[in-house]
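Report on one structure; see the data block that follows.
Residue numbers (the numbering used here): 66 to 743.
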């Protein structure tokens with residue numbers, strides 16, 4: 066019966082390591098070893114150094130201990146040594162417990178000289194017809210089974226089991242004879258779901274020895290490509306490569322290692338981790354174009370095998386600008402033109418191309434002329450290279466309207482394209498275009514490479530400015546402009562703040578009605594300030610008329626007639642000075658304007674009145690106050706302190722309304738109330 070392997074080989078039978086010394090030591094299980102050498106020999110030694118056998122072709126029984134194997138030429142020998150315990154001879158059911166081979170998962174990318182050692186399993190078919198071993202696998206892995214050696218005809222089958230279902234896979238090795246020295250029999254089994262792989266080994270011969278190496282590879286993890294001239298892998302391992310929109314890739318090699326057959330490459334564009342394009346495929350010699358605004362391109366090679374590939378990256382940059390030149394001029398003089406290659410006009414050569422296979426049939430280049438206003442410059446352009454189907458145009462641009470003031474176009478002649486144009490001061494453009502325009506675009510078309518050299522000469526100096534503004538003058542001018550601006554705007558700021566404060570005061574003042582009684586209360590409490598009434602006169606004028614009347618309290622006399630609305634209040638006499646009588650008068654014209662207006666105070670029961678004080682300050686004389694002009698729908702509140710010995714008061718308003726003289730007098734007389742205390 067075979068002997069099962071539940072042991073991981075660290076460095077066993079790895080040709081590059083072994084061939085350097087032609088010997089290795091190995092801890093073996095108890096069993097038979099088989100050696101087959103062609104024109105060479107091998108010797109077997111036990112732990113004590115005793116030689117157990119020396120020959121070219123033999124079978125020997127080994128104990129469970131460490132043995133050393135010396136080869137004359139290891140490349141001329143094949144062998145099977147007992148590294149496994151006895152293996153079962155039948156396939157288990159999916160639900161049965163079954164020992165599995167603990168196989169290491171090798172890292173990608175795959176290298177032909179990988180130092181990831183295989184896990185070995187060996188067996189013999191001395192007393193049974195089948196050996197079976199199992200390997201636990203995960204979805205996305207690739208299992209490699211390599212027949213290292215077989216002493217006679219052999220058949221290998223592969224089965225898969227999940228928790229409930231068994232399945233025979235279409236992966237087999239069938240040999241009618243024993244393996245040859247240097248012969249490679251290899252299976253690569255892709256794993257699509259978690260489970261276990263069962264490998265069964267059979268032989269028609271009763272005395273057969275075999276040994277298989279196993280490896281697992283991860284094909285789930287996407288790898289970042291940093292080098293593209295040598296790419297290798299095993300299975301459908303994904304790779305990613307960052308590529309700018311002005312670059313492309315050409316596939317130079319793509320082959321399987323064993324069969325040396327071409328392997329198809331699949332790729333897609335990743336706009337983000339969650340936004341991906343559909344898969345496309347490419348073959349040897351094909352070009353893969355990048356596109357703008359992608360994170361990367363993802364690849365995988367369509368082969369469950371060991372493969373190697375290489376690619377070449379081409380950059381389709383113009384004039385050493387690190388990008389492809391735009392195909393159209395800027396829309397206006399204020400557009401950002403930093404993406405347009407700036408060509409120096411010192412005769413230096415700049416290279417570029419029309420990438421016809423990438424929708425690039427024209428390039429726009431930028432030149433800058435410097436000098437005084439109205440200077441004139443000759444721009445001389447020479448274009449060489451693969452330019453037989455190209456034409457070149459120089460545009461003289463109006464720097465304000467961005468119109469093309471003048472232009473000249475030339476095509477291939479005498480191995481080059483040469484043209485020149487007089488231009489003004491500023492930015493101008495040169496267009497290199499295929500003569501067939503967009504009709505020249507073709508995914509299989511070759512790029513048209515060009516080389517441009519530009520020189521310039523000043524034909525007219527133009528007008529020299531009166532003086533060049535120095536940085537110090539500019540800085541001083543900036544400070545001056547700021548100072549003037551602040552000085553000019555400061556009165557408006559003060560006016561606005563004052564107006565806002567008055568408005569707020571008026572709103573607060575209006576929150577409580579009968580403010581005249583409130584003033585009397587403050588007089589009683591001794592907390593009155595003359596500014597209280599002065600500020601109130603200004604602030605209440607900003608309120609609506611009826612709202613303002615409610616603020617002052619009950620009107621003592623009100624006269625409402627065509628052209629004027631007048632209200633009068635008698636104030637607390639403690640507000641007056643030297644025994645004067647303070648009154649409050651409110652005026653608002655109705656749909657008209659009073660000009661040359663004046664107020665007159667008389668006593669019809671005898672006595673006289675004189676104006677002692679007016680607030681706000683107005684021109685007064687004897688018993689009259691001159692108001693000048695009262696505009697339509699304005700509100701005016703006046704405090705008047707009257708001096709006299711009369712007990713009654715009549716108020717007259719006179720002026721001109723619409724060019725006609727007009728007068729108004731309240732029908733009721735106002736009587737002065739004298740406190741008994743006085």
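We put the CB at the ideal spot given by N, CA and C, even for glycine.
Helix, strand or coil for residue i per DSSP?
i, result
"residue 556", "helix"
"residue 82", "For residue 82, the predicted structure reports a pLDDT of 36, less than 50, and the residue's modelled location is therefore unreliable. A value from the coordinates is still provided. Residue 82 falls in the helix class under three-state DSSP."
"residue 660", "strand"
"residue 196", "strand"
"residue 362", "strand"
"residue 356", "coil"
"residue 737", "coil"
"residue 253", "strand"
"residue 543", "helix"
"residue 518", "strand"
"residue 387", "coil"
"residue 415", "strand"
"residue 233", "strand"
"residue 178", "Any reading at residue 178 needs caution, since the residue's pLDDT is 47, under 50, leaving its predicted position unreliable; the model's value is listed next. Three-state result, residue 178: coil."
"residue 709", "strand"
"residue 351", "coil"
"residue 732", "coil"
"residue 462", "strand"
"residue 601", "helix"
"residue 641", "coil"
"residue 549", "helix"
"residue 239", "strand"
"residue 125", "strand"
"residue 346", "strand"
"residue 503", "helix"
Provide the residue span of the alpha helix (DSSP H) that contains residue i, from first to last.
i, result
"residue 616", "610-617"
Can you find the residues in the same chain that come closer than 7 Å, C-beta to C-beta, to residue i, ignoring five residues on each side of it along the sequence?
i, result
"residue 509", "422"
"residue 289", "305"
"residue 163", "157 and 199"
"residue 285", "205"
Excluding sequence positions up to five away, which residues of its chain have a Cβ less than 8 Å from the Cβ of residue i?
i, result
"residue 324", "370"
"residue 116", "108, 109 and 110"
"residue 522", "442, 443 and 445"
"residue 382", "311, 388, 389 and 417"
"residue 669", "713, 715 and 734"
Who are residue i's beta bridge partners in DSSP?
i, result
"residue 630", "625 and 653"
"residue 370", "Paired residues: none, contrary to the question."
"residue 30", "The structure shown does not extend to residue 30, since the chain is modelled only from 66 through 743, so no value can be given for it."
"residue 297", "373"
"residue 727", "720"
"residue 312", "380"
"residue 306", "362"
"residue 481", "478"
"residue 280", "209"
"residue 109", "118 and 134"
"residue 686", "689"
"residue 646", "707"
"residue 433", "492"
"residue 469", "462"
The beta strand (DSSP E) spanning residue i covers which residue range?
i, result
"residue 96", "96-102"
"residue 222", "219-226"
"residue 333", "330-335"
"residue 672", "Neither: residue 672 is in no beta strand (DSSP E) and is coded neither H nor E."
"residue 184", "184-189"
"residue 89", "88-92"
"residue 494", "491-499"
"residue 442", "441-450"
"residue 143", "142-145"
"residue 265", "260-267"
Once the 5 residues before and after residue i are set aside, which same chain residues still bring their CB inside 6 Å of it?
i, result
"residue 717", "665 and 730"
"residue 177", "Model confidence at residue 177 stands at a pLDDT of 49, short of 50, so the residue's coordinates are unreliable and nothing is read from them."
"residue 138", "105"
"residue 498", "427 and 456"
"residue 18", "Residue 18 falls outside the range modelled here, since the chain spans only 66 to 743, and no answer is possible."
"residue 357", "310"
"residue 57", "Absent from the model: residue 57. The displayed extent of the chain is 66 to 743, so no value can be given."
"residue 662", "692, 695 and 720"
"residue 658", "696 and 697"
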